[in-house]
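**Q** Under our numbering, the sequence shown is numbered contiguously, ending at residue 131.
Even for Gly, the Cβ is constructed at its ideal location relative to N, Cα and C.
Okay, handing you the structure first.
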Amino acid sequence: MSSGTAERTLNARAGDPDWSPRCRKTPQSYTWVAAAVGSQSAAGLQIATQLPVMAIDGFNGSDPSPTLEQFQQYVADGLIHYFAGGGRGFGGMGQMGGSSASSEITAWVQENFQSVSIDGTTFYDLTQPVHGQVAANQGLVT
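And the structure:
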């Protein structure tokens, strides 16, 4: 399969002028440059950036992994930089049959972190809480 075919199939955003350079500025201390619901969404981002992306809820968004509590701990530990929070094929809203874990994670991220639009797609910067600091398993801490 050619690179272009893979990008179209996996909704990769390799041509986006803002996304890849922004991710490449992500410090090496992050385990994942981003998290996305479903492995196809995560794969598209990973192909576009050539950086690790966490797949929430497995292949089709129905495997409840990680749990909300685990995801909150990853964020508190500074392991994930962005959450792909919207747009078809980019996590959260575009997946069919997602588990309650992905819905809980998406809601928690949207409530607690600042969004940024990158080429028409909404991402959440997990280093920029809306108010105060976010602590794992405790929601928002002011």
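By the three-class DSSP mapping on this structure, what secondary structure does F48 have?
**A** On the sequence shown, position 59 is the one that residue 48 refers to. DSSP places F48 in coil when its eight states are reduced to three.
**Q** When you compare only the Cα positions, how much space is there between D108 and Y71?
**A** By one-based count along the sequence shown, residue 108 stands at place 119. By one-based count along the sequence shown, residue 71 stands at place 82. Cα-Cα distance, rounded: 15 Å.
**Q** What is the DSSP secondary structure of V64, counted as helix, strand or coil?
**A** Reading the sequence shown from its first residue, position 75 is the one you call residue 64. Taken through DSSP and simplified to helix, strand or coil, V64 comes out as helix.
**Q** With a threshold of 7 Å on Cβ separation, who are the neighbours of Q117 within its own chain once the five nearest residues in sequence on each side are excluded?
**A** The sequence position of residue 117 within the sequence shown is 128, counting from 1. F102 and Q103, listed in sequence order.
**Q** According to DSSP, simplified to helix, strand and coil, what is V105?
**A** Here residue 105 corresponds to residue number 116 of the sequence shown, with the count starting at 1. In the structure shown, V105 sits in a strand (DSSP, three-state: E or B).
**Q** Determine the direct distance from the alpha carbon of Q35 to that of T95, and round the result to whole angstroms.
**A** Within the sequence shown, numbered from 1, the residue matching residue 95 stands at position 106. Within the sequence shown, numbered from 1, the residue matching residue 35 stands at position 46. Taking the straight line joining both Cα atoms gives about 19 Å.
**Q** Would DSSP call T38 helix, strand or coil?
**A** Locating residue 38 in the sequence shown gives position 49, counting from the first residue. Helix.
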